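Everything on this sheet refers to the single structure shown next.
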Amino acid sequence: MEKYDVAIIGGGSAGLAALKQLSTLGKQAVLLEAGEKVGVKNISGGILYSKKPNKGKVYNVEDIYGQNFVNEAPLQRKITQYLLHATSKDKVFSMDLTAAHEYQSNFGYSVLMNELNAWFAQSADESAQKSGGGIVPGVHVNDISWDAEKERTTIQTDEIDEFQVKAVIAADGVNSEVAQITNARPKFSATQLYQGVKAVVKLPENVINDTFAIRADSGAAHLFAGDITLNHLGGGFLYTNRDTLSVGAVYHFDSLLDNPTEPNTLLDALLKNPMITELIKDEVPVKGEIDKTLEKEKQMQIRFAVIKLIKTWYEIRDVHLSSSRTKEMIKTGKFNSEDEIKSKLSELREKMSSEYGITFKTDYVEDEYGAKLIPDGKRCRMKKPYKNNVLFVGDAAGRGIFVGPRIEGLNVGIDDGVRAANAIARALEKNNFSQGYLGEYYTKSIEESPYTKDMKEIDKEYLKIFIDATKDVPKDVLSAKHSMVLKLMSSGAIRSMAAKFVNVLGYERLLPVIESEESYVKVPIQLAERKGKTVSSSYTPSIPLLADRIAKLNYNDDKVSHIKVLTSDNDFMRKLVTLCPTKCYSEEKGKVTIQHEGCIECGTCSEQTDWKHPRGEKGINYRYG
Amino acid sequence: MEPLNLAVIVKLEPDFSEGNVSYKPDGTLNRNETKSTLGPHSGIAAKAAFYAKVKYGAKISVCSMGPPFAELALEQAQQTCDADVLHLYSDRIFAGADTLATAETLRTGITDKMQGKMDIVFSGHRASDGETGQTGPQTAWKLGFTFLGNVISYDVNLEKRTVVAKCLLTLNGVPNVIEEIEAPLPVFISIDPSYKSNYTTVSQRIAFEKYQKEAYERAKNYKQYLKVFNIDELGVDKALVGLAGSPTIVYQVERIPKGKATRQAEVLDGSNPEHIRKAVAKMKEALSAMVIK
Ligand SMILES: Cc1cc2nc3c(=O)[nH]c(=O)nc-3n(C[C@H](O)[C@H](O)[C@H](O)COP(=O)(O)OP(=O)(O)OC[C@H]3O[C@@H](n4cnc5c(N)ncnc54)[C@H](O)[C@@H]3O)c2cc1C
Ligand code: SF4
Numbered sequence: 000m001e002k003y004d005v006a007i008i009g010g011g012s013a014g015l016a017a018l019k020q021l022s023t024l025g026k027q028a029v030l031l032e033a034g035e036k037v038g039v040k041n042i043s044g045g046i047l048y049s050k051k052p053n054k055g056k057v058y059n060v061e062d063i064y065g066q067n068f069v070n071e072a073p074l075q076r077k078i079t080q081y082l083l084h085a086t087s088k089d090k091v092f093s094m095d096l097t098a099a100h101e102y103q104s105n106f107g108y109s110v111l112m113n114e115l116n117a118w119f120a121q122s123a124d125e126s127a128q129k130s131g132g133g134i135v136p137g138v139h140v141n142d143i144s145w146d147a148e149k150e151r152t153t154i155q156t157d158e159i160d161e162f163q164v165k166a167v168i169a170a171d172g173v174n175s176e177v178a179q180i181t182n183a184r185p186k187f188s189a190t191q192l193y194q195g196v197k198a199v200v201k202l203p204e205n206v207i208n209d210t211f212a213i214r215a216d217s218g219a220a221h222l223f224a225g226d227i228t229l230n231h232l233g234g235g236f237l238y239t240n241r242d243t244l245s246v247g248a249v250y251h252f253d254s255l256l257d258n259p260t261e262p263n264t265l266l267d268a269l270l271k272n273p274m275i276t277e278l279i280k281d282e283v284p285v286k287g288e289i290d291k292t293l294e295k296e297k298q299m300q301i302r303f304a305v306i307k308l309i310k311t312w313y314e315i316r317d318v319h320l321s322s323s324r325t326k327e328m329i330k331t332g333k334f335n336s337e338d339e340i341k342s343k344l345s346e347l348r349e350k351m352s353s354e355y356g357i358t359f360k361t362d363y364v365e366d367e368y369g370a371k372l373i374p375d376g377k378r379c380r381m382k383k384p385y386k387n388n389v390l391f392v393g394d395a396a397g398r399g400i401f402v403g404p405r406i407e408g409l410n411v412g413i414d415d416g417v418r419a420a421n422a423i424a425r426a427l428e429k430n431n432f433s434q435g436y437l438g439e440y441y442t443k444s445i446e447e448s449p450y451t452k453d454m455k456e457i458d459k460e461y462l463k464i465f466i467d468a469t470k471d472v473p474k475d476v477l478s479a480k481h482s483m484v485l486k487l488m489s490s491g492a493i494r495s496m497a498a499k500f501v502n503v504l505g506y507e508r509l510l511p512v513i514e515s516e517e518s519y520v521k522v523p524i525q526l527a528e529r530k531g532k533t534v535s536s537s538y539t540p541s542i543p544l545l546a547d548r549i550a551k552l553n554y555n556d557d558k559v560s561h562i563k564v565l566t567s568d569n570d571f572m573r574k575l576v577t578l579c580p581t582k583c584y585s586e587e588k589g590k591v592t593i594q595h596e597g598c599i600e601c602g603t604c605s606e607q608t609d610w611k612h613p614r615g616e617k618g619i620n621y622r623y624g
Numbered sequence: 000m001e002p003l004n005l006a007v008i009v010k011l012e013p014d015f016s017e018g019n020v021s022y023k024p025d026g027t028l029n030r031n032e033t034k035s036t037l038g039p040h041s042g043i044a045a046k047a048a049f050y051a052k053v054k055y056g057a058k059i060s061v062c063s064m065g066p067p068f069a070e071l072a073l074e075q076a077q078q079t080c081d082a083d084v085l086h087l088y089s090d091r092i093f094a095g096a097d098t099l100a101t102a103e104t105l106r107t108g109i110t111d112k113m114q115g116k117m118d119i120v121f122s123g124h125r126a127s128d129g130e131t132g133q134t135g136p137q138t139a140w141k142l143g144f145t146f147l148g149n150v151i152s153y154d155v156n157l158e159k160r161t162v163v164a165k166c167l168l169t170l171n172g173v174p175n176v177i178e179e180i181e182a183p184l185p186v187f188i189s190i191d192p193s194y195k196s197n198y199t200t201v202s203q204r205i206a207f208e209k210y211q212k213e214a215y216e217r218a219k220n221y222k223q224y225l226k227v228f229n230i231d232e233l234g235v236d237k238a239l240v241g242l243a244g245s246p247t248i249v250y251q252v253e254r255i256p257k258g259k260a261t262r263q264a265e266v267l268d269g270s271n272p273e274h275i276r277k278a279v280a281k282m283k284e285a286l287s288a289m290v291i292k
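Rendered as structure tokens:
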């Protein structure tokens with residue numbers, strides 16, 4: 000049997016950070032990732048933060064991947080504008096929260112997980128190979144066993160021979176199988192989770208710059224609350240990438256169970272909001288009717304020509320409407336000048352309309368639909384994130400920060416990954432992998448992380464930023480309870496005291512007051528209605544049907560289902576018929592059954608099913624993530 | 000232990016994939032308009048050689064006989080198998096060669112121009128643009144190597160210096176007979192289209208990733224690895240190569256008669272509800288014969 004020092008299970012941003020750190024410390028580690036390539040399984044909002052807390056230290060992405068990270072990594076845009084919008088029908092009330100975004104942070108970039116994790120992987124793999132380790136994609140871990148006497152930990156997979164290690168890092172995400180295999184924690188329950196759903200919308204670089212009034216190297220983040228939530232607890236987001244937008248929504252899972260609504264309907268509610276409709280709009284070609292009296296062959300020819308022309312038009316237009324891509328194309332000699340690109344495009348356009356009856360209209364283009372559960376660290380972080388010699392990091396350890404609009408899992412997982420790597424490196428040096436020496440040390444390190452503090456306590460400084468941002472909010476839209484809290488919190492001295500008091504009392508106890516229908520839905524609606532500006536949209540977006548969204552996704556089908564229904568006739572299972580983002584569940588004669596082929600591995604059904612990730616290389620392959 | 004020394008013979012072929020292939024009005028291939036690519040069977044042979052690189056750290060040389068632009072096939076083969084050496088045997092005199100003359104050219108390259116003695120030479124099962132499946136066996140015969148055909152998997156015993164190969168046999172009426180053969184090196188392996196490399200350990204998977212990356216980088220600069228030989232540089236006997244060395248006489252090529260279509264196709268437009276109705280009705284009709292449980 001082969002032997003390695005460390006196995007890392009899962010190649011998301013957390014696992015990759017652990018691999019990079021262990022390798023930098025000269026330790027041998029292998030990372031096993033179920034996806035056919037690193038990155039295809041990961042999905043985020045997402046803004047990647049680098050933080051500088053006042054007290055304590057966090058390990059930032061640039062600490063691990065080098066100070067040149069910002070220049071070399073495939074980052075989308077540096078977020079410089081951060082706005083919160085309260086919505087009600089066509090009314091929008093906006094607040095500038097840029098100060099909250101910049102709070103204790105070095106930077107925040109919008110990112111797309113597929114390419115970012117692929118970049119992390121390249122860097123981590125290079126270091127890992129120097130220490131005799133590396134990344135193994137396409138392998139799904141299905142079991143871990145221990146032989147205490149022989150001090151042996153054996154990793155088993157669906158694809159390759161079992162092998163031995165001295166320690167394990169579980170970075171297998173929110174639906175961690177390792178947590179189940181090791182019995183380290185129960186599955187997360189609805190009250191501890193959010194469901195995120197997202198679409199990547201195509202929009203040329205320069206159009207984004209104009210629409211959002213931002214420079215090519217900067218970006219905007221827009222957050223939404225109010226009627227777009229369809230009465231659920233949570234909200235929407237829209238982040239600018241370089242030449243796409245990430246539009247999505249994140250809702251408390253229990254509020255979805257209380258009032259089941261299809262994830263795609265929640266996404267649609269966002270896309271139909273007139274403000275968002277205006278932000279995503281673009282010019283889109285529309286195929287003309289083909290003359291049915293023509294010969295069949297001729298009709299076929301026209302159909303193919305139209306498809307080809309539209310494809311080329313998009314390609315050239317994307318170049319034309321992007322300063323960086325224009326430069327790139329001229330440099331590589333594909334085009335000689337900007338004028339050439341421009342005239343090529345207008346030539347093409349002319350041909351499209353005069354010869355093929357293609358017209359152009361205002362609409363938007365969606366490229367990828369996706370969904371995933373997100374753990375709420377306030378409610379579900381593992382207090383002791385280890386079992387035997389297995390350390391849990393990132394989503395697998397339930398470590399995500401949710402405070403108001405703040406969603407942070409990427410930076411937290413990266414910090415965890417480094418801490419776990421450091422703890423294991425220390426254990427390797429003493430060859431001591433006991434719970435006392437390894438697990439407890441790691442727990443202590445995690446407890447010292449400022450991120451853990453953010454999951455446990457209210458930060459009065461952060462709170463102040465919100466209170467300042469709400470200075471224009473008429474106090475009478477708030478209930479007596481809320482307005483009193485606000486009044487108290489507005490005074491510096493009392494705020495300190497109150498925050499202390501709350502923290503003594505326990506943050507968890509206060510959560511139902513803060514995270515309520517009142518704060519996510521009612522207050523924003525009232526705000527919008529009373530103080531909001533009217534926004535009208537200039538077109539009706541052609542929102543794709545769920546079937547079309549699924550048809551655009553890329554799957555590697557597995558004949559064997561990775562999910563087994565345990566009970567087919569309880570309330571939870573029946574609600575899945577609505578809550579599964581790709582409608583894998585259906586109900587007939589009171590029995591719920593699954594058709595696993597469309598599964599995007601979000602984990603929504605995991606709590607009450609026998610849920611595993613698909614075998615290596617199988618299942619969903621996200622292009623953006 | 001001596002490291003393994005491998006060669007792969009590959010062929011540039013028309014790219015029959017959609018968008019790249021072009022036919023003349025009479026239905027024959029329009030070679031001028033059709034793009035070229037590494038033949039799919041050659042690709043599988045390169046994959047099989049790559050297995051030995053990953054598993055045993057073998058050295059791989061790839062060679063081809065063809066026009067100057069056949070270096071494209073070598074570039075693509077390098078991307079598949081991380082070849083250390085690329086040889087192209089290219090000369091007008093080689094044109095018109097049949098499989099026997101091709102085998103002589105390749106044999107000369109392998110024995111005289113490649114470094115060291117070969118342990119295994121790989122070839123594809125056949126070509127997609129002509130009946131040239133004998134090139135492999137004929138090269139084997141000229142090399143004097145044991146020939147293993149239709150190989151679906153293999154492993155090498157480096158100490159004993161033998162190869163154990165599984166070969167797919169076609170026996171009348173008996174499906175999927177697999178014969179396992181152990182043969183002393185050197186051998187010539189003609190790879191079956193169903194061949195698949197199986198990397199079963201962590202170290203193999205890591206090596207696979209590493210060499211694949213290396214292959215990608217190398218293929219970007221494939222010219223650094225490429226040596227082109229004309230007939231004099233190769234030093235082959237002129238009487239045995241090209242048209243002169245080809246005993247095959249193509250007397251007549253008969254076109255395969257087109258089968259009469261028994262089905263009638265109709266083009267339906269998915270955006271036309273009338274057409275959809277028609278399609279559904281047809282499907283219902285077809286399904287009505289089946290029992291649906
Ligand atoms: C809609 C949405 C918006 C978000 N917005 C933000 C944001 O703006 N900022 C932010 O910081 N965070 C955000 N998050 C959270 C963030 O995306 C996650 O916290 C983060 O991606 C988790 O990383 P991870 O490495 O812990 O897990 P994952 O990225 O889930 O990686 C786990 C990996 O393990 C692999 N795996 C699982 N099981 C096995 C197995 N048995 N064998 C082998 N491999 C296995 C999987 O294939 C996967 O690649 C958002 C999340 C969502 C869904
Ligand atoms: S089947 Fe389950 S895991 Fe898959 S997409 Fe549906 S809810 Fe998500």
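Protein chains in written order, with numbering that gives the first Met the number 0: chain H, 0 to 624; chain Y, 0 to 292.
Cβ coordinates follow ideal geometry from the N, Cα and C atoms, glycine included.
Values in this document were obtained by computation on a predicted structure and should not be read as measured data.
Item: Do L575/H and T603/H have their beta-carbon atoms positioned less than 8 Å apart in this structure?; Value: yes
Item: Using a Cβ-Cβ cut-off of 8 Å, state whether K292/Y counts as contacting chain H.; Value: Note that K292/Y scores 49 on pLDDT, short of 50, meaning its location in the model is unreliable; the coordinates nonetheless yield the value given after this. Taking Cβ atoms only, chain H never reaches closer than 8 Å to K292/Y, which makes this a no.
Item: For S202/Y and chain H, any beta-carbon pair shorter than 8 Å?; Value: yes
Item: Express the C-alpha separation of H231/H and S35/Y in angstroms, rounding to a whole number.; Value: 57 Å
Item: First and last residue of the alpha helix (DSSP H) that includes F68/Y?; Value: Segment: none, F68/Y is in no alpha helix (DSSP H) and carries neither H nor E.
Item: Could you check the C-alpha separation between I275/H and L347/H for me, to the nearest Å?; Value: 30 Å
Item: Could you say if the stretch 214 to 221 of chain H and the stretch 3 to 20 of chain Y meet the contact criterion of at least three C-beta pairs nearer than 8 Å?; Value: no
Item: According to DSSP, is L142/Y part of a helix, a strand, or is it coil?; Value: helix
Item: Which of the three DSSP states is assigned to F187/Y in this structure?; Value: strand
Item: Using a C-beta to C-beta distance shorter than 7 Å, which residues of chain Y count as neighbours of K129/H?; Value: Within 7 Å Cβ-Cβ: nothing; K129/H doesn't reach chain Y, min ~11 Å.
Item: Enumerate in chain order the residues of its own chain whose CB-to-CB distance from M351/H is below 6 Å, with the five nearest sequence positions on each side excluded.; Value: L308 and I357
Item: Do A28/H and V392/H have their C-beta atoms closer together than 8 Å?; Value: no
Item: Would DSSP call M454/H helix, strand or coil?; Value: helix
Item: Give a single yes or no on whether L575/H has its beta carbon closer than 7 Å to a heavy atom of ligand 2.; Value: yes
Item: Rounded to the nearest angstrom, how far is the Cβ of V200/H from that of V249/H, given a contact under 8 Å?; Value: With 8 Å as the limit, V200/H and V249/H do not qualify as a contact, their Cβ atoms being about 17 Å apart.
Item: Under the assumption that S189/Y contacts S122/Y (Cβ atoms under 8 Å), give the Cβ distance between them as a whole number of angstroms.; Value: 5 Å
Item: Once DSSP output is grouped into helix, strand and coil, what is the label at E32/H?; Value: strand
Item: Which value, in whole angstroms, describes the spacing of the CA atoms of P66/Y and K286/H?; Value: 44 Å
Item: Given that a residue counts as buried once 16 or more other Cβ atoms are within 10 Å of its Cβ, and exposed if not, what is M299/H?; Value: exposed
Item: For K292/Y, which three-state DSSP category applies?; Value: Here K292/Y scores only 49 on pLDDT, less than 50, and its place in the model should not be relied on; the value that follows carries that caveat. Reduced to three states, the DSSP call for K292/Y is coil.
Item: Just grab the DSSP bridge partners of R151/H for me.; Value: D146/H
Item: Which value, in whole angstroms, describes the spacing of the CA atoms of K470/H and L83/H?; Value: 14 Å
Item: Less than 7 Å between the CB of L578/H and some heavy atom of ligand 1, yes or no?; Value: no
Item: Are there any heavy atoms of ligand 1 lying less than 7 Å away from the beta-carbon of G133/H, as far as the coordinates show?; Value: no
Item: Tell me the DSSP bridge mates of D157/H?; Value: Paired residue(s): none; D157/H is not in a bridge.
Item: Tell me where the beta strand (DSSP E) around R405/H begins and ends.; Value: R405 to E407
Item: Do I593/H and ligand 2 come close, with the Cβ less than 7 Å from some heavy atom?; Value: yes
Item: For ligand 2, I want to know if G34/H counts as a neighbour, meaning its beta carbon is within less than 7 Å of at least one of the ligand's heavy atoms.; Value: no
Item: Per DSSP, what kind of secondary structure is S321/H in: helix, strand or coil?; Value: coil
Item: Check for me: the alpha helix (DSSP H) holding T276/H runs from which residue to which?; Value: P273 to L278
Item: Quick check on F68/Y: buried or exposed, where buried means 16 or more other Cβ atoms within 10 Å of its Cβ?; Value: exposed
Item: Assuming contact is defined by CB atoms lying nearer than 8 Å, are D475/H and Y58/H in contact in what I supplied?; Value: no
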